[in-house]
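Asks:
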Amino acid sequence: MNIEELCICNWRSIKNLEIKFQDLMIFIGQNNHGKSNVLSALLFFFGEIKPHDLDFNHGSEELYVETTFSDLDENDKRTFKKYLTSDNKLKVRKTAFAGGSFEYKGYIQNPVEEWLQEASASEYAKREVAKTLPFYPYLPPEGRLTKQEVIDAQKKYIEDNKEAVELRFQMEETNFLGLKSVAKGIFGDVYFIPAIRDASDDFSSKEASAFGKLYTNIIDSLSSTNPEWKETKNKLSTLFGALNRLDCDGKDNKNRPKELEDFERALGDELKSWSAEIDVEVTPPNIEEVFRANTQVWVNDGVRTDIKRKGHGLQRALTFALIKVVSDTLKRERSADSGGEETSGSRMVSASTYFILEEPELYLHPQAQRALFDSLVALSESKNQVMLCTHSSALIDVEKYKSICIVKKDDENIGTKVCQCSEDLFTGDKKKDFNLSYWINPDRSELFFARRVILVEGPTDKTIIPLLAKRLGVFRYDYTLVDCGSKNNIPLYCQLLNKFRIPYLAVYDKDHQASKGAADIATADISSARIEGAIDPTVGSTLQFVNDIEEEIGILAGDKNKPYAALTHVSSADFALPLSLQTKVQTIFQ
């Protein structure tokens, strides 16, 4: 099962927040705006961290994280049957209270009629009362009624009268699954890789680490299938059993070493006045624990050392290599499970897997970052859910705009908010054109980090405009120029920027050159009108070149559409920047 929606209340910088989730979630935003707080709220929900007094927003007495799950498998549906909605979703809230206590509660389809509510079942456990209620035929005909029998009768009545029974979706009054505490991992496995972490922690043999979880599976497999492993366990059991007073059948051990007998006797003689005896018992070690506790991972890159003594880049690469192995292992296990028969029993732990990563780009060069992103995308497409926060455009793909969540905190009193787009922006040819424009401008993902985005038609604009801005002393590094590939693609980017509320300026050509005929000018006007129509004036605006950038700087017709020719022209000693173009460049970077 996967997270479909997350609601966070009073957690750190977050007062009230709702986030729609995809299989891949990428959280971006400025420092100290709340990206890590979203991830830590997830860790709190999954039981990976405990709440601290400072986690409560502005000293509030209560905080909660509420998660809606979808895509439950058959085992999940059995485990959480009580909480399934009509569309097979699951909604659970974890609440923490000032002072340290917390609780899980699920949402249920609760009948409006009180006599059908589970919380009222004990009131109808008397037969004379139950006889007056419609669910009475579902109760045992004789004997004293129990609360559970009433609950079962209520459920059967509701099941047989679905159309007639009015239900409302609300949080239950009792604990989730009827348990005082919810077992860690019941919603699935969580792998968390923080921004700053010693890689040796990930490769520790402790069961909580990623390596420890994998290694435990290997040991369990050996224990159940390897004959030599079984033989060794039996020999150890026999060896240690021979040291005890009684054998495995509870009879006197006649082969016990004399040294132990003498030791016990000597101690017993000293304690005769206390009427006490001494029995030294040796417990056979758990061989699985022995192997786990005495495991050390070494890395040989020409010099064999432990992980701590390698560079941060290699440490980070090792961590993500481990994630890849975890993913591949899970994929094989799920493939094997899907090929077999479904188990009829109830599985109390979900097979879901969640990868939560803070700034995974740290210590990786750009090429390695892009390779990592491809791996994370593949991971999210293999029935895993991947959530990360990043400052790197290499870990963003504009085509996956539904996965992008911009985290903002413009006002401390309002708290952290998010901006995302969950619906389809483009369909048909528009989607194809937008995706193809990636190959024209592969670094366009930078627009999500920009204070302002400058949309331009082509490579000449992208080359010349920033050069002139630097010459005028108005260039800004927090502005991003995006080559849209053509004038007709600019409205597509406007749609995207409108949705994410990113300020932008669309710079386009009027295209009324003297060499053009009436039909071409009319076509150009239609394209211009589409751009103007796509602008949301609350975040965007336009600037128009009279004809095009080449004509503005005075390039001859034969040299048009050639960025290098334009660059050479404006770099020459004879080039004089026209006042009209100077004003436009200053407007672009204002």
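Under the working numbering, think of the first position of the sequence shown as 1112, with each following residue one higher.
Where a beta carbon is used, it is the ideal one built from N, C-alpha and C, also for glycine.
(1) To test your reading of the DSSP string, which unbroken alpha helix (DSSP H) runs of 4 or more residues are found completely within the segment 1639-1684?
(2) Pick out whichever of V1696, D1358, K1146 has its Cα sitting closest to the Cα of F1138.
(3) I'd like to know whether the C-beta atoms of E1568 and D1620 end up nearer to each other than 8 Å.
(4) For the 8 Å Cβ check, are there 3 or more pairs between the segment 1499-1518 and the segment 1554-1570?
(5) What would DSSP say about D1134, mapped onto helix, strand or coil?
(6) Under DSSP, the beta strand (DSSP E) around P1338 begins and ends at which residues?
(7) Tell me which residues share the same chain as A1677 and place their Cβ nearer than 8 Å to its Cβ, disregarding the 5 neighbours each side in the sequence.
(8) The beta strand (DSSP E) spanning S1181 covers which residue range?
(9) Starting from the Cα of E1274, find the closest Cα among P1222, E1229, S1691 and give me that residue.
(10) Does the segment 1173-1189 touch the segment 1118-1131, meaning 3 or more C-beta pairs lie closer than 8 Å?
(11) Determine the direct distance from the alpha carbon of G1539 to that of R1204, and round the result to whole angstroms.
(12) Please go through the segment 1584-1617 and give each complete alpha helix (DSSP H) segment of 4 or more residues, from N-terminal end onward.
(13) Let me check you understand the geometry: is the CB of L1429 closer than 7 Å to at least one non-hydrogen atom of the ligand GTP?
(14) Counting pairs of beta carbons, one from the segment 1271-1289 and one from the segment 1251-1261, are three or more of them closer than 8 Å?
(15) Taking Y1059 as part of the alpha helix (DSSP H), name the residues at either end of that continuous run.
(16) Which whole-angstrom value describes the C-beta separation of D1187 and S1491, a residue pair presumed to lie in contact below a C-beta threshold of 8 Å?
(17) Taking C-alpha atoms, which residue in W1409, K1266, I1114, K1543 lies nearest to L1183?
(18) If you run the structure through DSSP and keep just helix, strand and coil, what is I1467?
(19) Please classify G1422 as buried or exposed, where buried requires at least 16 other C-beta atoms within 10 Å of its C-beta.
(20) According to DSSP, is E1452 part of a helix, a strand, or is it coil?
(21) By DSSP, does I1515 sit in helix, in strand, or in coil?
(22) Quick one, are the C-beta atoms of A1617 and T1591 less than 8 Å apart?
(23) For V1518 and F1560, what's the separation of their Cα atoms in angstroms?
(24) Beta-carbon within less than 7 Å of N1599's beta-carbon, same chain only, minus the 5 sequence neighbours each way: which residues are those?
(25) Taking the continuous beta strand (DSSP E) assigned at R1563, which residues delimit it?
(26) Would the segment 1523-1531 and the segment 1466-1481 be scored as touching if the rule is three or more Cβ pairs under 8 Å?
(27) When the Cβ atoms of the segment 1149-1160 are set against those of the segment 1189-1199, are three or more pairs found closer than 8 Å?
(28) Give me whichever residues DSSP pairs with A1387 in a beta bridge.
(29) Answer with buried or exposed for D1594, where buried requires no fewer than 16 other C-beta atoms within 10 angstroms of its C-beta.
(30) Give the single residue among S1292, H1163, L1333, V1497 whose Cα lies nearest to the Cα of F1303.
(31) So is E1452 buried or exposed if we call it buried at 16+ other beta carbons inside 10 Å?
(32) Straight-line CA distance for I1699 to I1565?
(33) With DSSP as the reference, please indicate the residues paired to Q1531 in a beta bridge.
(34) If you follow the alpha helix (DSSP H) that N1186 is in, where does it begin and where does it stop?
(35) Any idea what DSSP makes of V1497, helix, strand or coil?
(36) Can you name the start and end residues of the alpha helix (DSSP H) that F1374 belongs to?
Replies: Working from what's here:
(1) Here the runs fully enclosed are 1660-1664, 1674-1682.
(2) By one-based count along the sequence shown, residue 1138 stands at place 27. Comparing Cα positions, the closest option is K1146.
(3) Here the question's residue 1568 lines up with position 457 in the sequence shown. Here the question's residue 1620 lines up with position 509 in the sequence shown. A contact, by the Cβ cut-off of 8 Å.
(4) Verdict: yes, contact present.
(5) Your numbering for residue 1134 matches position 23 in the sequence shown. In the structure shown, D1134 sits in coil (DSSP, three-state: anything other than H, G, I, E or B).
(6) Numbered from its first residue, the sequence shown carries residue 1338 at position 227. First-last for P1338: 1338-1352, but that is the alpha helix (DSSP H), not the beta strand (DSSP E).
(7) Your numbering for residue 1677 matches position 566 in the sequence shown. These residues qualify, in order along the chain: T1571, T1574, I1575, I1660, E1661, I1664, I1666, D1670.
(8) Taking the sequence shown and counting its residues from 1, the one referred to as residue 1181 is at position 70. Unbroken beta strand (DSSP E) run through S1181: 1173-1181.
(9) The residue given as residue 1274 occupies position 163 in the sequence shown. Nearest option by C-alpha distance: P1222.
(10) The segment 1173-1189 and the segment 1118-1131 touch, with three or more beta-carbon pairs separated by less than 8 Å.
(11) For the purposes of this step, residue 1204 is taken as the residue at position 93 of the sequence shown. For the purposes of this step, residue 1539 is taken as the residue at position 428 of the sequence shown. G1539 has its alpha-carbon roughly 40 Å from the corresponding atom of R1204.
(12) For the segment 1584-1617, whole alpha helix (DSSP H) runs of length 4 or above, ordered along the chain, are 1601-1611.
(13) As far as ligands go, the structure on display features none, and thus does not contain the ligand GTP.
(14) Under the three-pair Cβ rule at 8 Å, the segment 1271-1289 does not count as touching the segment 1251-1261.
(15) No statement about residue 1059 is possible, as the shown extent of the chain runs from 1112 to 1701 and does not include it.
(16) The count along the sequence shown starts at 1 and reaches residue 1187 at position 76. The count along the sequence shown starts at 1 and reaches residue 1491 at position 380. About 19 Å; that fails the 8 Å criterion.
(17) Position 72 of the sequence shown, counted from the first residue, corresponds to residue 1183. Ranking W1409, K1266, I1114, K1543 by Cα distance to L1183 puts I1114 first.
(18) Counting from one through the sequence shown, the residue named residue 1467 turns up at place 356. Residue state, collapsed to three classes: strand.
(19) One-based indexing of the sequence shown puts residue 1422 at position 311. It counts as exposed.
(20) Position 341 of the sequence shown, counting from 1, holds the residue named residue 1452. Summary for E1452: the model assigns pLDDT 44, below 50, so the residue's position carries little reliability; its value from the coordinates is reported in the next sentence. Residue state, collapsed to three classes: coil.
(21) The residue you call residue 1515 lines up with position 404 of the sequence shown. In the three-state scheme derived from DSSP, where H, G and I count as helix and E and B as strand, I1515 is classed as strand.
(22) Working through the sequence shown from its first residue, we reach residue 1617 at position 506. Working through the sequence shown from its first residue, we reach residue 1591 at position 480. Against a cut-off of 8 Å, the Cβ pair of T1591 and A1617 comes out as no contact.
(23) Here the question's residue 1518 lines up with position 407 in the sequence shown. Here the question's residue 1560 lines up with position 449 in the sequence shown. The alpha-carbon atoms of V1518 and F1560 are separated by roughly 11 Å.
(24) Counted from its first residue, the sequence shown places residue 1599 at position 488. Correct list, in chain order: S1638.
(25) Position 452 of the sequence shown, counted from the first residue, corresponds to residue 1563. Segment 1563-1567, the beta strand (DSSP E) holding R1563.
(26) Flag = no, the segment 1523-1531 and the segment 1466-1481 do not touch.
(27) When C-beta atoms of the segment 1149-1160 are compared with those of the segment 1189-1199, fewer than three pairs fall below 8 Å, so the two segments do not count as touching.
(28) In the sequence shown, the residue the question calls residue 1387 occupies position 276. Partner(s): none; A1387 has no beta bridge.
(29) Start at 1 with the first residue of the sequence shown, and residue 1594 comes out as number 483. Label assigned to D1594: buried.
(30) For this step, residue 1303 is matched to residue 192 along the sequence shown. It is V1497.
(31) Here residue 1452 corresponds to residue number 341 of the sequence shown, with the count starting at 1. In this predicted model, E1452 has a pLDDT of only 44, less than 50, meaning its place in the structure is not dependable enough to derive any value.
(32) Sequence index remark: in the sequence shown, residue 1699 carries index 588 (1-based). Sequence index remark: in the sequence shown, residue 1565 carries index 454 (1-based). In this structure, the CA atom of I1699 is about 7 Å from the CA atom of I1565.
(33) The count along the sequence shown starts at 1 and reaches residue 1531 at position 420. Per DSSP, C1516.
(34) Sequence index remark: in the sequence shown, residue 1186 carries index 75 (1-based). It spans 1185-1190 - the alpha helix (DSSP H) in which N1186 sits, taken as one unbroken run.
(35) Stepping through the sequence shown from its first residue, residue 1497 is reached at position 386. Strand, per DSSP.
(36) As a first step, residue 1374 must be located in the sequence shown, where it is residue number 263. Element bounds for F1374: 1369-1381.
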